[in-house]
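I have placed the structure first, in the form of structure tokens, so that the comments after it can refer back to it.
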Amino acid sequence: MSERTKSTASGRATGTQKVIVVGSGHNALVAACYLARDGYDVEVLERDTVLGGAVSTVERFPGHQVDRGSSAHIMIRHTGIIEELRLENYGLRYIDCDPWAFAPAPPDSGLPPIVFHRDVEKTCASIEVACGARDAAAYKRFVTVWGPRSARVMRSFSSPPTPGKLLKSFWGLDAKQGGSALSREFLQTGDALLDSYFDDERLKAALAWFGAQSGPPMSEPGSAPMVGFAALMHTLPPGRAVGGSGALSAALVARLRSDGGTVTPGDAVTALRKTGSGWQVRTANGRNLHADTVIAGSHILTTLNLLEQGGFDTGTLADWRRRIRVGPGIGMVVRVATSALPAYPGAPTTDSAHGLQLLVGDRRDLRRAHGAALAGDLPPRPVVLAMSFTALDPSIAPAGEHQLSLWSQWHPYELADGTRWSAHAHREADRIIGEVDRHAPGFADTVLHRHVQTPADLEREMGLLGGNVMHVEMSLDQMFMWRPLPELAGQRVPGAPGLYLTGASTHPGGGVSGASGRSVAGLVHRDLRGRLPFLRR
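Residues 1 to 537 (my numbering) make up the sequence shown, in order.
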């Protein structure tokens, strides 16, 4: 008997079960890979001609391979997915960002920068020079306490968000002061956590800006673990995929095809209709496909629209839409090709360029930017995260040139004055480039090309509704067993048996982790295996 028709007792499918995956985001591709590996007939349908969703890389400028969405990969390197799917055999290779972060001195201050190395002692030495011995000692204590805690958070991200799974993830964690004290530390704001450890505002601002990459400001309850993730970077730092972020998606596609799965780009799903024991999937190219199971990897609101086109109850859909909070928008990106890397005063050139360049020296700038976005206004001063990965991987740019991604938060999707983003895009890009130039004088003069991605562009190109790269807000009430809603958090849709959810709209949320894809693949496999007839080998 062939591998694709083995007994379910062997843990594999019979090969007769058709699974259609909607969208080719990395979570969708992870799910497809696990199911194709286990013998299911898997087809991925993608509206875009570029595969990978926000984890993709294209040529924006001559000779430059530029990321469309994500750049550095953190969480997926902690999940074991890369090893389980043996993605290194399909061309995926990571280079550690070490140092993993860099905080320049305030302009014209003459102060030393802060360099976050993978090595804790080297990091503490940098902090001592920049901020003093007390903060250096406090940082070492912070890593000692929050390293294990962050590892448990990562463990909770890698499994379904049931109460039992969550309890198991955190069981045994040091709680010498009692469970109540421990839970309070997890539920506090990131700002409160930083204030309890450190004195120097520059250090607190850098770590707050790192934590805010999840979306919410560090003034929100429950944001402390986002700051705590910094401690985990000393175990395994952010990784840069050689060739660009899209190398991960390319490896997943290659793995999927090697196991017999198919990927169809440029054919958007337009409706999902329940038919008997299966699903009818209608596409923009006029195809009507049958599937036993559908996994929707698109934005949750997009998935609800597909269900509505397929005749699902409109009242239920309207209720879900009203209760899912996308938020005002997170930020925008300027991708630039340059003739040189930014030169930060007082910084070793190699150190400053290898990781995340945290260009914020005061948390008040973060608060002002977030408050402005809530009001529908542009930030008084852009807060910028710069990433220059040609320092690690020269293959993504022509010889003698460099490439940077400049991410800025927060920028609202809808502007209060009613104007369109097209009227502001290039002026705001000038301000973002100017902010880098303020910290690294002369940088603006090195820019050769630029590509601007406003919140409206992020929605148009990659289906990131509202310009939110995390799909829906990563606030405490929309995380774990509440993401995106309690009744949808199990990655199933009530009233739609055989339809499953994955992607950033589901637990554990945005960022490159693949955990949602692996979880849903396990869920589908368990459900279908129970429905398959028992066959003898």
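Virtual Cβ for every residue (Gly too), placed ideally from N, Cα, C.
None of the values given here were measured: they were computed from a predicted structure.
Exercise. Are the Cβ atoms of residue 259 and residue 528 separated by less than 9 Å?
Worked result: no
For this session: Might you give, ordered along the chain, the residues of its own chain that have their beta carbon closer than 6 Å to the beta carbon of residue 3, omitting 5 neighbours on each side?
Result: Residue confidence for residue 3 is low, a pLDDT of 34 falling below 50, so the modelled location carries little weight and cannot support an answer.
For this session: Measure the C-alpha to C-alpha separation of residue 8 and residue 31 and round it to an integer number of angstroms.
Result: Residue placement at residue 8 cannot be trusted, given a pLDDT of 31 that sits under 50; the coordinates are not used to answer.
Problem set entry | the segment 388 to 399 in contact with the segment 59 to 79 per 3-pair CB rule at 8 Å | The way I'd put it, the segment 388 to 399 does touch the segment 59 to 79; three or more beta-carbon pairs between them come closer than 8 Å.
For this session: Output the distance between the C-alpha atoms of residue 39 and residue 28, rounded to the nearest integer angstrom.
Result: 17 Å
Exercise. When DSSP labels each residue in this structure, what does residue 5 get in the three-state scheme?
Worked result: Only weak support is given to the placement of residue 5: the predicted model assigns it a pLDDT of 32, under 50, and the value that follows is read from those uncertain coordinates. Correct three-state label for residue 5: helix.
For this session: Can you say whether residue 303 is buried or exposed, counting buried as having 16 or more other CB atoms within 10 angstroms of its CB?
Result: Buried, by the Cβ-count rule.
Exercise. How many angstroms separate the CA atom of residue 517 from the CA atom of residue 136?
Worked result: 39 Å
Exercise. Can the beta-carbon of residue 211 be found closer than 9 Å to that of residue 468?
Worked result: no
Problem set entry | Collapsed DSSP secondary structure at residue 330 in the structure displayed | coil
Exercise. Which stretch, first to last residue, makes up the alpha helix (DSSP H) that contains residue 374?
Worked result: Counting along the chain, the alpha helix (DSSP H) containing residue 374 begins and ends at 363 to 374.
Exercise. So residue 147 and residue 73 are in contact, right, with Cβ under 8 Å, and what is the actual spacing, rounded?
Worked result: Not really, about 19 Å apart at Cβ, beyond 8 Å.
For this session: Note the first and the last residue of the continuous alpha helix (DSSP H) segment covering residue 183.
Result: 179 to 187
Exercise. For residue 483, is the classification buried or exposed, using 16 other Cβ atoms within 10 angstroms of its Cβ as the cut-off for buried?
Worked result: Result: buried.
Problem set entry | Residue ranges of each beta strand (DSSP E) within the segment 226 to 301, 3 or longer | 239 to 241, 262 to 265, 269 to 275, 278 to 283, 288 to 291 and 293 to 296
Exercise. Does the beta-carbon of residue 176 have 16 or more other beta-carbons within 10 angstroms, so that it is buried, or is it exposed?
Worked result: exposed
Exercise. For residue 378, which of helix, strand or coil comes out of DSSP?
Worked result: Residue state, collapsed to three classes: coil.
For this session: Ignoring anything shorter than 3 residues or poking outside the segment 27 to 69, list the beta strand (DSSP E) runs there in chain order.
Result: Taken in chain order, the unbroken stretches of beta strand (DSSP E) that lie wholly in the segment 27 to 69 and span 3 residues or more are 41 to 46, 57 to 61 and 64 to 67.
Exercise. Among 311, 286, 206 and 282, which one has its Cα closest to the Cα of residue 355?
Worked result: 206
Problem set entry | Beta carbon of residue 488 nearer than 9 Å to that of residue 279 | no
For this session: Take residue 533 and list the residues in its own chain whose beta-carbon comes closer than 6 Å to its own, dropping the five residues that flank it on each side.
Result: Legend: pLDDT at residue 533 = 40, less than 50; position of this residue unreliable, value from coordinates given subsequently. Result list for residue 533: empty, nothing under 6 Å.
Problem set entry | Cα-Cα separation, residue 105 to residue 411 | 25 Å
Exercise. How long is the line joining the alpha carbons of residue 232 and residue 455, rounded to whole angstroms?
Worked result: 30 Å
Exercise. At what residues does the beta strand (DSSP E) containing residue 407 begin and finish?
Worked result: 402 to 409
For this session: Label residue 20 either buried or exposed according to how many other C-beta atoms from any shown protein chain fall within 10 Å of its C-beta, with 16 as the threshold for buried.
Result: buried
For this session: Hey, could you find the ends of the beta strand (DSSP E) residue 114 is sitting in?
Result: Its beta strand (DSSP E) spans residues 114 to 116.
Exercise. In terms of alpha-carbon separation, which member of 53, 78 and 149 lies closest to residue 460?
Worked result: 53
Problem set entry | CA nearest to the CA of residue 134, picked from 185, 70, 203 and 439 | 203
Problem set entry | Extent of the continuous beta strand (DSSP E) to which residue 451 belongs | 447 to 453
Exercise. Alpha carbon to alpha carbon, how far is residue 405 from residue 26?
Worked result: 20 Å
Problem set entry | Separation of residue 450 from residue 374, as counted between CA atoms | 28 Å
Exercise. How about the segment 179 to 193 and the segment 218 to 230: do they share at least three Cβ pairs that are nearer than 8 Å?
Worked result: yes
Problem set entry | Own chain, CB closer than 7 Å to residue 457, minus 5 neighbours either side, in chain order | none
Exercise. Which residues bound the alpha helix (DSSP H) around residue 145?
Worked result: It spans 133 to 157 - the alpha helix (DSSP H) in which residue 145 sits, taken as one unbroken run.
Problem set entry | Runs of alpha helix (DSSP H) lying entirely within the segment 450 to 488, each at least 4 residues, in chain order | 455 to 462
For this session: Take residue 480 and list the residues in its own chain whose beta-carbon comes closer than 7 Å to its own, dropping the five residues that flank it on each side.
Result: 161, 166 and 507
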